[in-house]
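In the working numbering, the protein residues as written are 10 to 298.
All C-beta atoms, glycine included, are put in the ideal place defined by N, C-alpha and C.
Heads up, the thing below is written out as structure tokens.
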Amino acid sequence: GEHRHSDFEKIKVLGHGNDGTVYQVRHRRTGSIYALKTLAADDSISRRQIHREIDVLRRTDSPVVVRFHGVISSASGDVSVLLEYMDAGSLESLLMAGNRRPFPEAAIAGIARRVLLGLSYLHSQQIVHRDIKPSNLLVNTAGEIKIADFGVSKIMRRSLDPCVSYVGTCAYMSPERFDPDSYGGNYDAYAADVWSLGLTVLELHLGHFPLLLPGQRPDWATLMCAICFGEPPKLPETASENFRDFIARCLQKESSNRWSVAELLAHPFVAWDQEEADQAFRELLSLPP
Ligand code: ADP
Ligand code: MG
Numbered sequence: 010g011e012h013r014h015s016d017f018e019k020i021k022v023l024g025h026g027n028d029g030t031v032y033q034v035r036h037r038r039t040g041s042i043y044a045l046k047t048l049a050a051d052d053s054i055s056r057r058q059i060h061r062e063i064d065v066l067r068r069t070d071s072p073v074v075v076r077f078h079g080v081i082s083s084a085s086g087d088v089s090v091l092l093e094y095m096d097a098g099s100l101e102s103l104l105m106a107g108n109r110r111p112f113p114e115a116a117i118a119g120i121a122r123r124v125l126l127g128l129s130y131l132h133s134q135q136i137v138h139r140d141i142k143p144s145n146l147l148v149n150t151a152g153e154i155k156i157a158d159f160g161v162s163k164i165m166r167r168s169l170d171p172c173v174s175y176v177g178t179c180a181y182m183s184p185e186r187f188d189p190d191s192y193g194g195n196y197d198a199y200a201a202d203v204w205s206l207g208l209t210v211l212e213l214h215l216g217h218f219p220l221l222l223p224g225q226r227p228d229w230a231t232l233m234c235a236i237c238f239g240e241p242p243k244l245p246e247t248a249s250e251n252f253r254d255f256i257a258r259c260l261q262k263e264s265s266n267r268w269s270v271a272e273l274l275a276h277p278f279v280a281w282d283q284e285e286a287d288q289a290f291r292e293l294l295s296l297p298p
């Protein structure tokens, strides 16, 4: 339904994005807690982003996607999005909380399965996320993991509509999005999300962003060279065979060689005993079994 800013009380800042701020808020009448994502309205790019995000969120209804609870517009033209509050932050904040200590494989297998289910849902709705990375995967103390931040996602209108624009964090961007022409221009847009998933999952194991050395400053040129001209990053020999194979299937530079979300959901790495994977994730969150 319709909401007004005055219906809510700000509790604290949850995160800063590119152009806006995400607050934890309380609905004054009901006491319910939400996240409120706000953007400054003076900038046309961020306006477009928030409207894109609202467009996409309206089309989603899934336990693996952060829930959308409505929009608040102010007289000045500011638009804010009311979202389900995820009380354990993001996979990025979880990594930081553990001083970037690697996650155990069992927990990563459970996370990979969750994100794949989310991508499978989004892709079935013709939505390409285009910005899968640890800070856009939110977690709660129920042990759930959900996909968030649809600011640069795309709703595919035609079946073969290449995504060629430079949006999203370039660090997690697949080779064909950097350089669409040398990849035929007609690649499968959905495969870009699989590349980003591969990098994200690899980061959870290494504890640092896979294409840079720990502490190395990311700049656009270094990253573009690493992504387009380097060998795709891979897991060390110490990781399990299944995990290494899973990463290799995601991080194929040629998008047509990359496994699809459906294929990856049937990969042995993701078939990890679910109870064990869930338990390993709860331990990461320091939750009781
Ligand atoms: P941006 O587009 O600016 O990156 P995000 O939607 O990714 O914005 O939000 C930025 C950060 O705010 C996230 O990484 C997360 O830490 C926090 N955040 C966003 N949405 C929520 C939410 N629903 N619940 C809890 N924290 C959130
Ligand atoms: Mg984000």
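Since residue i is in the alpha helix (DSSP H), which residue starts that stretch and which ends it?
i	result
Leu147	No alpha helix (DSSP H) holds Leu147; the beta strand (DSSP E) holding it covers 146-148.
Ile59	53-67
His132	114-133
Ile256	250-259
Leu274	270-274
Phe218	Premise fails: Phe218 is in no alpha helix (DSSP H) and is neither H nor E.
Glu246	No alpha helix (DSSP H) holds Glu246; DSSP gives it neither H nor E.
Using 7 Å as the cut-off, classify the Cβ of residue i as near or not near the heavy atoms of the ligand MG, replying yes or no.
i	result
Gly98	no
Ser144	yes
Going straight from the alpha carbon of residue i to that of residue j, what length do you get?
i	j	result
Ile81	Leu92	11 Å
His276	His14	46 Å
Glu101	Val203	18 Å
Gly79	His12	7 Å
Glu212	Ala84	43 Å
Ile20	Val74	23 Å
Ser112	Gly29	A small correction: the amino acid at residue 112 is Phe; Ser does not occupy that position in the sequence shown. Phe112 and Gly29: Cα-Cα distance of roughly 30 Å.
Pro242	Gly119	21 Å
Ala151	Glu284	14 Å
Asp140	Asp16	31 Å
Ser265	Ile256	16 Å
Val31	Leu221	28 Å
Asp287	Gly86	43 Å
Arg110	Phe252	18 Å
Pro171	Ile54	Any reading at Pro171 must be qualified, since the residue scores a pLDDT of 46, below 50, and its modelled position is unreliable; the value itself is stated next. About 21 Å.
So the beta strand (DSSP E) residue i belongs to, where does it begin and stop?
i	result
Ile154	154-156
Gln288	Run containing Gln288: none in the beta strand (DSSP E); it sits in the alpha helix (DSSP H), 283-293.
Gly79	77-82
Arg35	29-36
Val88	88-93
Would the beta-carbon of residue i be found less than 7 Å away from any heavy atom of the ligand ADP?
i	result
Lys46	yes
Asn24	The question names Asn, but residue 24 is Gly in the sequence shown. Answer for Gly24: yes, Cβ within range of the ligand ADP.
Ser82	no
Gly79	no
Ser102	yes
Leu222	no
Glu153	no
Met95	yes
Leu92	yes
Gly29	yes
Val75	yes
Leu147	yes
For residue i, verify whether its CB is less than 7 Å away from any heavy atom of the ligand GDP.
i	result
Asp158	Ligands in the displayed structure: the ligand ADP and the ligand MG; the ligand GDP is not one of them.
Please check the pair residue i and residue j, which I expect to be a contact at CB under 8 Å, by giving their CB distance rounded to whole angstroms.
i	j	result
Cys237	Pro184	5 Å
Ser99	Val34	Going by Cβ atoms, the distance from Ser99 to Val34 rounds to 18 Å, so no, they are not a contact pair.
Leu244	His217	About 14 Å separates the two Cβ atoms, so there is no contact after all.
Could you say if the segment 140-147 and the segment 56-68 meet the contact criterion of at least three C-beta pairs nearer than 8 Å? The segment 140-147 makes no contact with the segment 56-68: fewer than 3 CB pairs, one atom from each, lie closer than 8 Å.
Using 8 Å as the Cβ pair cut-off and three pairs as the minimum, do the segment 22-35 and the segment 121-133 touch? no
Is the segment 224-237 in contact with the segment 151-160, if contact means three or more CB pairs nearer than 8 Å? As far as the Cβ criterion goes, the segment 224-237 does not touch the segment 151-160, which means the pair count is below three.
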